[in-house]
Structures are given as C-alpha cells and as structure tokens.
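Residue 222 in this note's numbering sits at position 222 of the sequence shown; the count goes up by one each step and never skips. Beta carbons: idealized from backbone N, C-alpha and C, even for Gly.
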Amino acid sequence: MRRLVIHRKIIHIDLDAFYCAVEEKYDPSLRGLAFAVGGPPEERGVVASCSYAARKFGVRSAMPTARALRLCPHLKIISGRHSRYSEESRRVIEELKNITDTLEQISIDEAFLDVTQNIENAEAIARNLQDRIRAKFSLPCSLGVATNKLVAKIATDVGKAAAKTEGPPNAIQVVPPGSEMDFLSHLPTETLWGVGPKMSARLVELGIHTIGQIAEQSEADLVRWFGKHGHDLYLHSRGIDSRKVETTREAKSVSKETTFPKDVRDGDQLRKALFSLSEGVSRRLRRENLAGTTVKIKLRWSDFTTLTRQVSIAQPTDDLNVIYDTANLLLESVWKPGQPVRLIGVGVSNLGPPIRQLTLWSFDSERTISEKESRLKSAVQILQEKFGNQVIHWGSQEAGK
C-alpha cells in the first residue's frame, strides 16, 4: 500500500519597494521618478527604500544618502512617514489573515503563509492574493511558492531578480514539490540563509561557488569545515527546511540607536544621548511587558569601525536607571575622552516577563514607594507617548546636562 505524502504549501510575500510604494499611493506624481525614502545627507541619512527609477542609477537601500545623490544628482529625498507605513502594513497583514491563520510576519513588508490546509492550488492562491493586494491597497508585491520557508523566500528573490519590468517586479515564482534541489543548484552560495561574507569566502577557497556544489559535498566534510553550521548547509543545499511558520514571534531584543549629524567628542553629549536611548528602550519594554538580563551598547567611530559591548545583570530589568547606568559603565569601558563618535546605541536582550515582587521583609512604606514609583513611571510613559519625549523628563537627565 502506497503512503500518501502531503507536501506543505508555503507562500512568502514581499511588498515591493514598500516605503516607496506607499509614498506613490498617496502622491501619484512620484510614479516614474527617481526618489528615495531616507534621511537628508547633511544629517548622515541613509536610504531606507528607493524607487525602481532610482535603482537604474545604482541607488540601493542602506546606502548613505550622500552617496545616492552622487550617483543620481536629481534624486528626490523624502522623509519617512513610519506611522503611515505601519498602518498600511497592518492592513495588508489583516488581509492575509483572511486566507490563513498560520501566518508569520517577519518584517514590516514580508510574511510567510502556510496554506497547506487550503484545498486550492498554492500558485492560484498566490496569484489571487497578489491581485487582491493590488486592487484593495494599490500596493505591488512579489511571492514565492514552495514546500518550505527557505525555498519560498529564495523563490521570491529569484522571481524579483528575473522580472523584466521598468517598475515593481510583481513576480510570482513557484518551486514544485520535488524540484527544490534542482531549483537551488545553480544559485550562488550566498543565496542561502546563514552564508555570510566569511563563509562565502571560505567556500570559494574550497572551490565551491554554487549551492549545487555544496550539495555535492558529504555532511561529514561540511561539518569538519564549518562546525555545527555544516549540518545546516548540508540540508539547506538540498532544499530541506523543516521549520514551521510561527504564528507568534517573540522579540529577541529591544534596542535603539542614533547617528549624530556630526561626530560627537563631548562626554556629556554622549551621555545625554545614551540616556535618551535608554529611556526609549525602557519605555518599549514596559509597553510590551518585557524585561531583560543583558544590556549592550553599540558604538561607531568616525572611521566607521563599529563595536558592541554587553554585560549580564542578575535580575531581568525594564528600569530606565538600571539600563542607563549599565550602558554608561560599558561606554566608559571603551570610549576615550575626546574620541569622535559617529553612532551610539543601547539594547536589552535575553527577554522575558518582568519580575515584580517584594520580599517577606519589605515594609509597607517600601511597598507604597514602589507602587508610587511604578505609577509615576507609567504616567510619564503615557505623557511621552501622547505628547512627545520632550514633554517631561526624569531628573537625572536634566542633571546630566
């Protein structure tokens, strides 16, 4: 008796040039123009998204705006409207939930859907979904269809790269069950998740340039060359990926950073920025009912050298003062007075629910103070979220001026 094999039906969706598409939706005069969403060059802005007309000149996301303007002098720079992008993203995700509850949003403009339980053909579902998003939200999107997340994501990228259009690719790439290995074989090794510059360079040293060439290697050799990552390479190069579409995604860390318009050498100014960033991290942790046991900082010097430092603390915290004091100690451990700083960031990781309890020996007065402090912090958070960060500050921030 033959065993019935049920292949998963996974769809990866990517909203094409999302920020730019939203801007064009609200301002149709932008269509066909070379423009980018990002910060101004005088503030060391970075391109967050660029139109397809701008890409013809070599402009790309994550590129400094100043360089983008050198490549395309007539490039129009638009400041991001992130609340608008978030709202458009939310509306699209709600539409996706009408198709399946098994949905994993991986960024503001990307998601995986598991439609295995839907009796309709997966490609037909993808085409119908693309049409609905275009008709309902006036947004272009590309989709990859496969039996797992790895291949579906790569399929989207391959489809977009192969599209021969002046504007958004609006691509749909389908990888039928059983053809995963053949589909991947000719692609460059860095296409695989987990293959970064260092691993790619090592593979080149070994004479391996394509995913198919990885698949020709034994698992033992791959593990010998790359340790535990060798096992993943062995499976992924064969198009094997058993990960589920996760309907909930827990935050791994909460962080904030800022790039200064001009390099900062003054310690007080650095500490003021550090306090403000710590305040933002603390506020988000409290809003999401999270606390963490690892505090880290990120620094970028004027020569673009970037370093991170972190330390673990005994108790999970969402407390502003704990985050700031720890971050400040980390800053003092690596920053030399007068050293120019281009970027500074603060983060908290190893997250979980906050621990809020008093010992058996706590006095009622201490409990009252703790409750008052908690209410005060909540009130400050509400005021700042409603009226902006400048409406009220904790005393230590003023003292640091």
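* If you check the beta carbons only, do N170 and S142 fall under 9 Å apart? -> Here the question's residue 170 lines up with position 170 in the sequence shown. Here the question's residue 142 lines up with position 142 in the sequence shown. Closer than 9 Å, so yes.
* What residues match up with P64 in a beta bridge as DSSP calls it? -> The residue labelled residue 64 in the question sits at position 64 within the sequence shown. Paired residues: V46.
* **Segment contact flag, the region 87-103 with the region 31-41, C-beta cutoff 8 Å, min 3 pairs** => no
* Would you be able to state if there are at least three C-beta pairs under 8 Å between the region 296-309 and the region 323-337? => yes
* Asked: Under the DSSP definition of a beta bridge, which residues are partnered with F260?
  -> One-based indexing of the sequence shown puts residue 260 at position 260. Answer by DSSP bridge pairing: none, since F260 is not bridged.
* Asked: Helix or strand or just coil, what does DSSP make of L360?
  -> Taking the first residue of the sequence shown as position 1, residue 360 is located at position 360. The pLDDT assigned to L360 is 42, lower than 50, so where the model puts this residue is not dependable; a value taken from the coordinates is nonetheless given after this. In this structure, L360 counts as coil in the three-state DSSP scheme.
* Going by other Cβ atoms of all chains shown within 10 Å of its Cβ, with 16 needed for buried, is Y19 buried or exposed? -> For this step, residue 19 is matched to residue 19 along the sequence shown. Y19 should be labelled buried.
* Asked: Which of the three DSSP states, helix, strand or coil, is assigned to H7?
  -> Locating residue 7 in the sequence shown gives position 7, counting from the first residue. Reduced to three states, the DSSP call for H7 is coil.
* Tell me which same chain residues have a C-beta within less than 8 Å of the C-beta of W182, skipping the five on either side of it? -> As a first step, residue 182 must be located in the sequence shown, where it is residue number 182. Strictly speaking, residue 182 in this sequence is Asp, with Trp absent from that position. Cβ neighbours of D182 beyond the five flanking positions: none.
* To do: Count the other C-beta atoms from every protein chain shown that fall within 10 angstroms of the C-beta of Q173, then say buried if there are 16 or more, exposed otherwise.
  => Locating residue 173 in the sequence shown gives position 173, counting from the first residue. Burial call: buried.
* Asked: With burial defined as no fewer than 16 other Cβ atoms inside 10 Å of the residue's Cβ, what is the status of S370: buried or exposed?
  -> Numbered from 1 along the sequence shown, position 370 holds the residue referred to as residue 370. With a pLDDT of 49 at S370, under the threshold of 50, the predicted position of this residue should be treated as unreliable, though the coordinate-derived value follows. Exposed, because fewer than 16 other Cβ atoms sit within 10 Å of the Cβ of S370.
* Can you tell which of R70, A162 and I11 has the C-alpha that lies nearest to the C-alpha of P176? -> Position 176 of the sequence shown, counted from the start, is the residue given in the question as residue 176. Answer by Cα proximity: I11.
* alpha helix (DSSP H) containing N170: first to last residue? -> Sequence index remark: in the sequence shown, residue 170 carries index 170 (1-based). Note, N170: premise wrong, no alpha helix (DSSP H); not H, not E.
* **Unbroken beta strand (DSSP E) run spanning S312, endpoints** => Stepping through the sequence shown from its first residue, residue 312 is reached at position 312. From DSSP, the beta strand (DSSP E) with S312 extends over T306 to T317.
* Quickly, what does DSSP pair I13 with across the bridge? List them, please. => Residue 13 sits at position 13 when you count from the first residue of the sequence shown. I13 pairs with A111 and L143.
* Rounded to a whole number of angstroms, what is the C-alpha to C-alpha distance between S278 and G347? -> In the sequence shown, residue 278 corresponds to position 278, counting from 1. In the sequence shown, residue 347 corresponds to position 347, counting from 1. C-alpha separation (whole angstroms): 8 Å.
* Distance, R132 Cα to R8 Cα -> Residue numbering aside, residue 8 sits at position 8 when the sequence shown is read from its first letter. Residue numbering aside, residue 132 sits at position 132 when the sequence shown is read from its first letter. When rounded, the distance between both Cα atoms is 23 Å.
* Asked: For L150, which of K136, P340 and F112 has the nearest alpha-carbon?
  -> Against the sequence shown, residue 150 aligns to sequence position 150. L150 has its Cα closest to that of F112, out of K136, P340 and F112.
* To do: Kindly list the residues whose CB is nearer than 6 Å to the CB of R44, restricted to its own chain and excluding five residues on each side of it in sequence; keep chain order.
  => Sequence index remark: in the sequence shown, residue 44 carries index 44 (1-based). Excluding residues within five positions, the ones whose Cβ falls inside 6 Å are T259.
* Local conformation of K401 per DSSP, three classes -> Position 401 of the sequence shown holds residue 401. For K401, the pLDDT reaches just 38, beneath the cut-off of 50, and the residue's location in the model is therefore unreliable, although a value from the coordinates is still provided. DSSP places K401 in coil when its eight states are reduced to three.
* Asked: In chain order, what residues of the same chain have a beta carbon less than 6 Å from the beta carbon of E190, not counting five sequence neighbours either side?
  -> Numbered from 1 along the sequence shown, position 190 holds the residue referred to as residue 190. Taken in chain order, the residues that qualify are S200.
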